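Chemist: The following block contains the structure, expressed as structure tokens.
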Amino acid sequence: MKIIGGLVLEETGICRLKGFPVPHAFSSTKLGNMSKKYGEEASKNQVLFFDLAGINPEKVVKIVPEFKDKVLVVNEKIEKELECDGLITFRKGTVLTLLPGDCAPIIIADSDLTFVALLHAGRKNLFEILDSAMKKIKDFVFSPNELLFGIGPSIKGCCYLMDLPNEIKNYLIGNHGILPSQIFDANVCTFCTKIGKEYLFFSHRRSQEFKEKERRFIAVAWL
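Sequential numbering of the sequence shown, starting at 181, is according to this note's numbering.
The following block contains the structure:
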């Protein structure tokens, strides 16, 4: 087990946010490509990841990003894939899933773990998706001081024109009254963070710049 930034890297290749009490996980490059769009091996890799994380694959709901502000609530009928950039569930066992390239996976939950949300936040929709999610959460009568935020691995200012995690934190603090103590940041860059000679996460931008094969890691959150 290693600590990299704000992440705990397990020997299995699964990463989790240090101290974040919401059930969640991210896959590192050790577990391989997780997107079927970029390789048939993804199916096998997902099966292994879900097994290591203790997840029932039948309960998985996947975000298909639109880079907009749509947030859907998943409680009754479980669809395998939903076109949106955010999912919220109050249903235990339902696993919210996202395959990021460099955009930030954001996990939100209340301190009593009544609900969990997973957002896809990129340069094009960062503020819109945060505002949309916060509006829905407030509609469910949760106040900002009850919330916990986890910012997963994403591209940072060292390798991109926009430091996504810092923008997210500053916006939550400045526009939604969130305290820094409520935010758990992975504090790793998908583009450049390495363990030894190996990159820790796949990166869309890195694949473009270095002509690497396009691949994706997986981010999951559940109750």
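Even glycine gets a Cβ: it sits at the ideal position worked out from N, Cα and C.
Computed from a predicted structure; not experimentally measured.
With A301 and I335 assumed to form a contact (beta carbons below 8 Å), what rounded beta-carbon distance in angstroms separates them?
Modeler: With 8 Å as the limit, A301 and I335 do not qualify as a contact, their Cβ atoms being about 11 Å apart.
Chemist: Measuring CA to CA, which of A233, G234 and G212 is closest to K224?
Modeler: When only C-alpha atoms are compared, the closest one is G212.
Chemist: Can you tell me which of V244, K217, R196 and I375 puts its alpha carbon nearest to the alpha carbon of C283?
Modeler: Measuring from the Cα of C283, the nearest candidate turns out to be V244.
Chemist: Provide the residue span of the alpha helix (DSSP H) that contains E221, from first to last.
Modeler: It spans E221 to A233 - the alpha helix (DSSP H) in which E221 sits, taken as one unbroken run.
Chemist: For a quick check, are the C-beta atoms of A313 and L197 less than 8 Å apart?
Modeler: No, the pair does not count as a contact, with Cβ atoms beyond the cut-off.
Chemist: Consult DSSP for P201 and reduce its assignment to one of helix, strand or coil.
Modeler: Here P201 sits in coil by DSSP.
Chemist: Go ahead and pull the three-state DSSP assignment for F307.
Modeler: Helix.
Chemist: Using only CA atoms, which one of E389, G337 and Q388 lies nearest to C369?
Modeler: Comparing Cα-Cα distances from C369 to each of E389, G337 and Q388, the minimum goes to G337.
Chemist: Is S215 near R396, with beta carbons less than 8 Å apart?
Modeler: Going by C-beta atoms, S215 is nearer than 8 Å to R396.
Chemist: What does P285 pair with, by DSSP beta-bridge criteria?
Modeler: DSSP lists H300 as partners of P285.
Chemist: In terms of residue numbering, what span does the beta strand (DSSP E) encompassing G330 cover?
Modeler: It spans L327 to I331 - the beta strand (DSSP E) in which G330 sits, taken as one unbroken run.
Chemist: Measure the CB-CB distance between L267 and L298 and report whether it falls below 8 Å.
Modeler: Their beta carbons are under 8 Å apart, which means L267 touches L298 by this criterion.
Chemist: Would you identify the three-state DSSP class for S208, choosing helix, strand or coil?
Modeler: In the structure shown, S208 sits in coil (DSSP, three-state: anything other than H, G, I, E or B).
Chemist: Taking the C-alpha atoms as reference points, what is the distance between P360 and G354?
Modeler: Rounded to whole angstroms, P360 to G354 spans 11 Å at the Cα level.
Chemist: Expressed to the nearest angstrom, what Euclidean distance is found between the alpha-carbon atoms of L232 and S207?
Modeler: Answer to the nearest angstrom: the Cα atoms are 10 Å apart.
Chemist: Would you mind reading off the limits of the beta strand (DSSP E) that contains G266?
Modeler: Start and end: G266 to T269.
Chemist: Mapping the DSSP letters down to three states, classify E392 as helix, strand or coil.
Modeler: Residue state, collapsed to three classes: coil.
Chemist: In the DSSP output, what is Y379 paired with across the bridge?
Modeler: The partner list for Y379 (beta bridge, DSSP) reads K374.
Chemist: If you draw a straight line from the alpha carbon of G357 to that of V296, how long is it in whole angstroms?
Modeler: Their backbone Cα atoms lie some 19 Å apart in a straight line.
Chemist: For the alpha helix (DSSP H) that E347 lies in, which residues bound it at each end?
Modeler: From DSSP, the alpha helix (DSSP H) with E347 extends over L344 to H356.
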